[in-house]
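Numbering (the UniProt record's numbering), first residue to last: 1 to 181.
These notes are about the structure you will find just below.
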């Protein structure tokens, strides 16, 4: 939902930046129309059970805050569970592509629960680099032993490859093994 609101330049209706003008303002009717559009988008994306609880809302910001209060909880047990899944995930008998896709889904879900620093300071850059290295190590640790020599080669390279580059290299190796077999 947030992605759609960003794309339509309507986030201000849910974050409070776009305040309701007074009724005698020339912008009042335009604000009401945009607010109604945002309300309808939100209502059309929620379950039927939630819809009956929010159908009478008149303000997108209040509706959003209500939904956020109910559902936007960073749950410690979910955070723990994601770390556990990421740490224990291995390729097993699946393809590298399936393994990487599953790992990427877990990383994306985890990223939605936390806020990574976004300023341009050196500390932020260093943290983001560290975060990317952790992802690379997690990916490499879960690969089958048949990729051990490639794993060692990648870890000896300076600078380390990105996780995307590592996936590409391993995927090419998997394709090559498939052709030889």
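Beta carbons: idealized from backbone N, C-alpha and C, even for Gly.
Keep in mind it's a predicted model, so treat the numbers as computed, not measured.
Check whether the Cβ atoms of residue i and residue j sit closer than 8 angstroms, and answer yes or no.
{"i": "residue 95", "j": "residue 173", "result": "no"}
{"i": "residue 86", "j": "residue 113", "result": "no"}
{"i": "residue 166", "j": "residue 134", "result": "no"}
{"i": "residue 142", "j": "residue 89", "result": "yes"}
{"i": "residue 35", "j": "residue 13", "result": "yes"}
{"i": "residue 97", "j": "residue 171", "result": "yes"}
{"i": "residue 169", "j": "residue 150", "result": "yes"}
{"i": "residue 37", "j": "residue 46", "result": "no"}
Got a sec? Which residues, its chain only, sit under 7 angstroms from residue i by beta carbon, not counting five neighbours each side?
{"i": "residue 82", "result": "106, 109 and 110"}
{"i": "residue 57", "result": "39 and 63"}
{"i": "residue 19", "result": "none"}
Taking the alpha carbon of residue i as the point to measure from, which residue in the options has its own alpha carbon closest?
{"i": "residue 65", "options": "49, 78, 42 and 76", "result": "42"}
{"i": "residue 156", "options": "59, 77, 121 and 137", "result": "137"}
{"i": "residue 10", "options": "23, 26 and 31", "result": "31"}
{"i": "residue 148", "options": "23, 69, 91 and 119", "result": "91"}
{"i": "residue 67", "options": "52, 132 and 76", "result": "52"}
{"i": "residue 4", "options": "76, 44 and 24", "result": "44"}
{"i": "residue 144", "options": "154, 99 and 178", "result": "99"}
{"i": "residue 176", "options": "119, 59, 158 and 146", "result": "146"}
If you follow the alpha helix (DSSP H) that residue i is in, where does it begin and where does it stop?
{"i": "residue 35", "result": "28-45"}
{"i": "residue 164", "result": "163-180"}
{"i": "residue 108", "result": "96-113"}
{"i": "residue 77", "result": "76-88"}
{"i": "residue 48", "result": "48-54"}
{"i": "residue 58", "result": "Residue 58 -> no alpha helix (DSSP H), and no H or E assigned at all."}
{"i": "residue 123", "result": "122-142"}
{"i": "residue 12", "result": "12-15"}
{"i": "residue 9", "result": "Unbroken run through residue 9: none, as it is neither H nor E."}
{"i": "residue 156", "result": "148-156"}
Within its chain, find whatever has a CB closer than 6 angstroms to the CB of residue i; leave out the 5 residues flanking it on each side and keep chain order.
{"i": "residue 117", "result": "124 and 127"}
{"i": "residue 28", "result": "21"}
Going along the chain, which residues of its own chain have a beta-carbon closer than 8 angstroms to the beta-carbon of residue i, five neighbours each way excluded?
{"i": "residue 78", "result": "113"}
{"i": "residue 93", "result": "none"}
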